[in-house]
Amino acid sequence: MFRPLLFVFGLMSFSSTAQVAHTAPAPIVSLDTGKIAERVCYYQDQAYSFGAIIQVGVYYMECKAANDFETNGSLKWQRINKKPQQKSSQ
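Printed below as a string of C-alpha cells:
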C-alpha cells in the first residue's frame, strides 16, 4: 500500500512542475487564384500579354513563350534584333 501511494505523490509532484509552451498561431496564407493561370510578362509593375513588344533603352523586347514545346506555359521577355514595323494608318 505504501508503494502505490508513493507513486501517486510522485506523479502529482511531477505534474505540478510541468510547464505549458505557448506558440504563436500559424500565419494565414491567401492566394488570388484568379491570377495563377494568367500568362503575362511583367515590366515595371505592369503586365503585358503574349506578343507584346516594348522598348527598353535601345533594345526591343517581345513577350514570348518561355519554352517552345509548351502551349500554356510561362512567358518571358526575349530581345528581338530589329525594330518592329509600325502599322500605317492609310
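Residues 439 to 528 in this note's numbering are what the sequence shown spells out, letter by letter. Note that beta-carbon positions come from the ideal geometry of N, C-alpha and C, so glycine has one too. Nothing here was measured: the structure is a model prediction, and the numbers come from that model.
1) Would DSSP call Gln484 helix, strand or coil?
2) Sort Trp515, Ala459 and Phe507 by Cα distance to Gln482 and report the nearest one.
3) Out of Asp506, Tyr480, Ala503 and Thr461, which has the shortest C-alpha to C-alpha gap to Val494?
4) Helix, strand or coil for Ile466? Go by DSSP, reduced to three states.
5) With a Cβ-Cβ cutoff of 7 angstroms, do Ala485 and Val478 count as a contact?
For this structure:
1) strand
2) Trp515
3) Tyr480
4) coil
5) yes
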